[in-house]
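Numbering (my numbering), first residue to last: 932 to 1232.
Some notes on the structure that comes next.
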């Protein structure tokens, strides 16, 4: 483990308060207040070229193009994570993908799961995906998701299959710490075994996801548990985990991909002594290695 990586983990353990859910109603109220303060506004910085597209379901999608690199003719659907409207803190990540790949970065501003039923969030993202895919050769498209965004990246494949695959699949998926709710005692035990190693997310979040994302409506199992998702026709998919509670979902993803005949397309890395979504930002040696592996995969398509 690198010295900088060790320092980052130590700092997280000492000073970071885990995302722990003890009262769903209170957590939703906190998210509501956060969301009100962070409603989408068009970026005014000059760090990239920005274009605003309104999708068919009347939600904004920002298209980000690099000022530093010539266009590669590719497109990346970048799905940010969080249970609230965390678009602003992920904007720099999206720009970095533009600068490193020359791709147009599609950055949908979707309603968070703290505001609407999770199926509505997925529907909005699916419309952004649909619009993107109508403008580019599918062989030059990628879906990248971070944390809950990684979960949504996988849900888009599931959604497309359940709709009879009206859209072409992307050439590649990169998911940083995608989540999910275990559906077997063995997977729950595995998640619990990671609990003390994870300085960021408490297992209580996973246990309350269905309630957090319901908003008085049904939450279908295939919207929150990987084992129920349909991954037929999935493209090469790369998942990067730390030894974190969400890494317990790796086994369920493996089983589902194998069941659907695409087991050889799933590549999962679980890095020891790292934190949630470490691979999404090139900060220290371990994160740089994982991050630039993903960048190279995009540049190779």
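Glycine included, C-beta positions come from ideal geometry on N, C-alpha and C.
Here residue 991 is bridged, per DSSP, to 985.
Annotation for residue 959: 1045 place their beta carbon closer than 6 Å to its own, counting only its chain and skipping 5 residues before and after. A distance below 7 Å between beta-carbons, with the five flanking residues on each side excluded, links residue 1026 to the following residues of its chain, in chain order: 978, 979, 995. Residue environment analysis places residue 1198 among the exposed positions, since fewer than 16 neighbouring C-beta atoms fall within 10 angstroms of its C-beta. By the beta-carbon neighbour count (other beta carbons within 10 angstroms, threshold 16), residue 1227 is exposed.
Fewer than three beta-carbon pairs drawn from the stretch 1192-1207 and the stretch 1133-1148 are found closer than 8 Å, and the two stretches are therefore not classed as touching. If you keep only unbroken alpha helix (DSSP H) runs of at least 4 residues inside the stretch 1132-1201, you get 1134-1143, 1181-1190. Counting C-beta pairs with one atom in each stretch, the stretch 1096-1108 and the stretch 1068-1079 have three or more that are closer than 8 Å, which means they touch.
For residue 1103, the uninterrupted beta strand (DSSP E) run begins and ends at 1103-1107, by DSSP. Apart from the 5 residues on each side of it in sequence, residue 972 has no Cβ closer than 6 Å to any other Cβ in its chain. Under the three-state reduction of DSSP output, residue 1083 falls in the helix class. In the DSSP assignment, residue 939 falls within the alpha helix (DSSP H) that extends over 934-946. Between the alpha carbons of residue 1116 and residue 1183 lies a gap of roughly 12 Å. For residue 955, the enclosing alpha helix (DSSP H) stretches over residues 955-968. The beta carbon of residue 1114 sits closer than 6 Å to the beta carbons of 1156, 1158 from its chain, once the five residues preceding and following it are set aside; these are given in chain order. Annotation for residue 1072: the continuous beta strand (DSSP E) segment containing it runs 1072-1077. Residue 1072 is positioned such that its CB atom lies no closer than 9 Å to that of residue 1029. Here residue 966 has 1015, 1016, 1043, 1045, 1046 as same chain residues with Cβ atoms under 8 Å from its own Cβ, once five neighbours each way along the sequence are excluded. Straight-line measurement puts the Cα of residue 1052 at about 11 Å from the Cα of residue 1080. Shortest Cα-Cα distance from residue 991 to any of 963, 1038, 997 involves 1038. For a cut-off of 8 Å, the C-beta gap from residue 1131 to residue 1206 is around 6 Å, short enough to register as a contact.
For a cut-off of 8 Å, the C-beta gap from residue 1134 to residue 1126 is around 5 Å, short enough to register as a contact. With contacts defined by Cβ atoms closer than 9 Å, residue 1229 and residue 1062 do not form a contacting pair.
Under the DSSP assignment, residue 1010 falls outside any alpha helix (DSSP H), being part of the beta strand (DSSP E) whose first and last residues are 1006-1010. For residue 1130, there is no enclosing alpha helix (DSSP H), as DSSP gives it neither H nor E. Looking only at 1060, 1209, 954, 1180, the smallest Cα-Cα distance to residue 987 is reached by 1060.
With a minimum length of 3 residues, there is no unbroken run of beta strand (DSSP E) contained wholly in the stretch 1009-1037. Between residue 933 and residue 1217 the beta-carbon gap is near 6 Å, inside 8 Å, which marks them as a contact. Between residue 1087 and residue 1057, the C-beta gap is smaller than 9 Å, which places the two residues in contact. Boundaries cannot be given for residue 952, as no alpha helix (DSSP H) includes it and DSSP labels it neither H nor E. Take residue 1185, set aside five residues on each side of it, and the residues of its chain with a beta-carbon closer than 8 Å to its own are 1194, 1197, 1199, in chain order.
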